[in-house]
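> If you're matching positions, the sequence shown starts at 20 in this note's numbering and goes up one per residue.
Let me give you the structure first, and then I'll get to my questions.
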Amino acid sequence: MRYEEFKLALINSRPGDWLYDHDTSVYVLKDNISITIDSDITVPSEGFSEDWVSVYEDDIAYEKFFNLRYNGVPIERFHTVAVDGFRVFIPYPDKERMTITEEQYRIADIVNLVYNGPELLDYFGRGDLSVVI
20 MRYEEFKLAL INSRPGDWLY DHDTSVYVLK DNISITIDSD ITVPSEGFSE
70 DWVSVYEDDI AYEKFFNLRY NGVPIERFHT VAVDGFRVFI PYPDKERMTI
120 TEEQYRIADI VNLVYNGPEL LDYFGRGDLS VVI
């Protein structure tokens, strides 16, 4: 599999295309079980303080990383901010425009599957963030 194919498989998938194991915190793509996402526990969540996170009910936020893997090999680390008491994982926005790319949104939609995924766009709105297509 080429890198571009890997990324397209992630981006073109929807949350319902994934299995999630609560015990291991691993997401597995149903159509290609070689593609997984796992919560990176090797890097402790550190406090994250920027103006845009102060709009949430719980204004204490934390960095949270996910590993995008193919056959268990880490291909890329996905950077998010756990906001509102770890209720939602929001990708790091472009700070000048407060935007998220469509790719970031698609992956965030997957990792938020377990954590109130349907509310993701609501959280974007509260943080005055938008998705650039």
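Think of the CB as a built atom: it goes at the ideal place given N, C-alpha and C, for glycine as much as any other residue.
Let me know if R125 comes out buried or exposed under the rule of 16 or more other beta-carbons within 10 Å of its beta-carbon.
Numbered from 1 along the sequence shown, position 106 holds the residue referred to as residue 125. With 16 or more Cβ atoms within 10 Å of its Cβ, R125 is classed as buried.
> Measuring straight from C-alpha to C-alpha, what distance separates F105 and N86?
Counting from one through the sequence shown, the residue named residue 105 turns up at place 86. Counting from one through the sequence shown, the residue named residue 86 turns up at place 67. Distance between the alpha carbons of F105 and N86: 18 Å.
> At 3 residues or longer, what runs of the beta strand (DSSP E) sit wholly inside the region 101-136?
Fully enclosed beta strand (DSSP E) runs of 3 or longer: 107-110 and 118-120.
> Can you tell which of D113, L139 and T118 has the C-alpha that lies nearest to the C-alpha of A127?
For this step, residue 127 is matched to residue 108 along the sequence shown. Ranking the options by Cα distance to A127, first place goes to L139.
> Thinking E65 and Y75 are a contact (beta carbons under 8 Å), I'd like their distance in whole angstroms, please.
If you number the sequence shown from 1, residue 65 lands on position 46. If you number the sequence shown from 1, residue 75 lands on position 56. Actually they do not touch by this definition, with Cβ atoms about 17 Å apart.
> Below 6 Å CB to CB, which residues in the same chain sit around I56 once its five sequence neighbours on both sides are set aside?
Here residue 56 corresponds to residue number 37 of the sequence shown, with the count starting at 1. Once the five neighbours on either side are set aside, the close Cβ partners of I56 are Y46, F85 and L87.
> For F25 and V107, what's the separation of their Cα atoms in angstroms?
Taking the first residue of the sequence shown as position 1, residue 25 is located at position 6. Taking the first residue of the sequence shown as position 1, residue 107 is located at position 88. Whole-angstrom Cα-Cα distance: 25 Å.
> I129: buried (16+ other C-beta within 10 angstroms of its C-beta) or exposed?
The residue labelled residue 129 in the question sits at position 110 within the sequence shown. Buried, by the Cβ-count rule.
> Taking the alpha helix (DSSP H) that D141 belongs to, which residues open and close that run?
Residue mapping note: residue 141 aligns to position 122 of the sequence shown, counting from 1. Looking at the DSSP string, the run of the alpha helix (DSSP H) that includes D141 is L139 to R145.
> Cutting at 7 Å between CB atoms, please list the residues of its own chain near P34, excluding the five before and the five after it.
Stepping through the sequence shown from its first residue, residue 34 is reached at position 15. So the qualifying residues of the chain are D128, I129, L132 and G136.
> DSSP on D70, reduced to helix/strand/coil?
Translated into positions along the sequence shown, residue 70 becomes position 51. Reduced to three states, the DSSP call for D70 is helix.
> Quick check: the Cα distance between F97 and S58, rounded to an integer number of angstroms?
Residue mapping note: residue 97 aligns to position 78 of the sequence shown, counting from 1. Residue mapping note: residue 58 aligns to position 39 of the sequence shown, counting from 1. For F97 and S58, the distance between alpha carbons rounds to 10 Å.
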